[in-house]
Each structure stands twice: as structure tokens, then as C-alpha cells.
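Mapping of the sequence shown onto UniProt numbering: position 37 corresponds to residue 37, and the numbering continues sequentially without gaps. In this text, a Cβ means the ideal position worked out from N, Cα and C, and glycines have one as well. As C-alpha cells, the structure follows; a few thoughts come after it.
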Amino acid sequence: MSARGKARRRALDILFEAELRSEDPLKILAERVERQEPPVNEYTSTIVEGVARHHARIDELITTYAEGWTLDRMPAVDRNLLRGGTYELLWMPDVPEGVVISEWVHLAGELSTDESPQFVNGLLARFKQLKPSLTL
Numbered sequence: 001m002s003a004r005g006k007a008r009r010r011a012l013d014i015l016f017e018a019e020l021r022s023e024d025p026l027k028i029l030a031e032r033v034e035r036q037e038p039p040v041n042e043y044t045s046t047i048v049e050g051v052a053r054h055h056a057r058i059d060e061l062i063t064t065y066a067e068g069w070t071l072d073r074m075p076a077v078d079r080n081l082l083r084g085g086t087y088e089l090l091w092m093p094d095v096p097e098g099v100v101i102s103e104w105v106h107l108a109g110e111l112s113t114d115e116s117p118q119f120v121n122g123l124l125a126r127f128k129q130l131k132p133s134l135t136l
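Next up, the structure:
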């Protein structure tokens with residue numbers, strides 16, 4: 001796994017843990033940075049901070065375009081995969097869109113249900129298509 005792939009996985013872990021503990025992801029991130037076991041990559045911090053900063057808009061987009069699914073019905077890991085992927089896709093223009101989608105779909109395949117990779121791929125691909133018209 002690439003360094004950025006590991007950073008994405010770590011960001012997902014932090015976002016998922018924060019949701020399960022009903023805590024601010026920035027608090028969990030700060031705890032991990034302080035502990036440094038394992039060390040927190042700068043890219044991990046960028047993703048977690050970006051998701052926290054744009055959380056309301058990201059969830060609004062997911063809710064709007066996830067046909068037939070509410071955020072509450074999605075597995076928690078899928079919600080956080082989509083949050084991380086949506087942030088990276090829409091707010092990090094220096095990262096190739098195809099790589100973003102591929103990496104988050106790969107994580108879905110490793111960590112979630114059999115249907116999750118297709119679901120994550122479909123929604124992130126839709127955001128890629130809509131990106132020019134979305135108000136961020």
C-alpha cells in the first residue's frame with residue numbers, strides 16, 4: 001500500500017472511531033498525533049481536518065445523491081469512506097480524481113460489505129461528474 005493509501009486508511013480509522021465514540025474527529029486526531037503510535041502522516045491530518053471543516057456540506061451531498069439510502073441506513077464505515085473520498089475528490093484538486101476513487105473503493109472492498117465497493121464507486125464517480133457544477 002502506498003504512503004497515501006496508508007494515510008487514507010488511517011484517516012478512515014480516525015473518522016470511524018470519532019463517529020462510534022460520538023466525538024469530534026479533530027479531538028481523536030489530536031490524541032493520535034500526540035501518542036504517535038503509530039505516527040500520523042500529514043496527509044491523514046489533511047483528510048481528517050478537511051472532512052471536519054466541510055462535514056455539513058459533505059453529508060448534504062451524500063444525502064442528496066445516494067439514491068435510496070439515507071446516511072442513517074448506511075454502514076458507519078461506508079459513511080466515513082464516502083466522507084473521506086468526497087473531501088479528497090472535491091477539495092483536493094492536486095490529487096488525480098481516478099486515484100481518489102480507486103483508493104477509497106479499494107478500502108471499501110477491504111473493510112465493508114460486498115456491495116460497498118460498487119456503492120462507493122458509483123457515488124464518488126457521480127461527484128466527479130458533477131464537480132464542475134457543485135457549489136462548495
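ask   = Would you call the stretch 107 to 120 and the stretch 23 to 42 in contact, with 3 or more CB pairs under 8 Å?
value = Under the Cβ criterion (8 Å, minimum of three pairs), the stretch 107 to 120 does not count as touching the stretch 23 to 42.
request  = Run through the stretch 55 to 82 for me and flag every whole beta strand (DSSP E) of 3 or more residues, listed as ranges in chain order.
outcome  = Within the stretch 55 to 82, no run of beta strand (DSSP E) at least 3 residues long lies entirely inside it.
task = Compute the Euclidean distance between the alpha carbons of Thr44 and Val51, then round it to the nearest angstrom.
result = Counting from one through the sequence shown, the residue named residue 44 turns up at place 44. Counting from one through the sequence shown, the residue named residue 51 turns up at place 51. When rounded, the distance between both Cα atoms is 11 Å.
query = By how many angstroms is the C-alpha of Thr135 removed from the C-alpha of Trp104?
reply = What you label residue 104 is simply residue 104 of the sequence shown in a count that begins at 1. What you label residue 135 is simply residue 135 of the sequence shown in a count that begins at 1. Between the alpha carbons of Trp104 and Thr135 lies a distance of about 23 Å.
task = Grab me the residues of Pro25's own chain with a C-beta within less than 7 Å of its C-beta, minus the 5 sequence neighbours each way, in chain order.
result = Against the sequence shown, residue 25 aligns to sequence position 25. Excluding residues within five positions, the ones whose Cβ falls inside 7 Å are Ile14, Leu15, Ala18, Val48, Val51, Ala52.
query = Between the stretch 117 to 128 and the stretch 86 to 105, are three or more C-beta pairs nearer than 8 Å?
reply = Taking 8 Å as the limit for Cβ pairs, the verdict is that the stretch 86 to 105 does touch the stretch 117 to 128.
Where the alpha helix (DSSP H) containing Glu115 begins and where it ends = For this step, residue 115 is matched to residue 115 along the sequence shown. Counting along the chain, no alpha helix (DSSP H) covers Glu115, and no H or E run does either.
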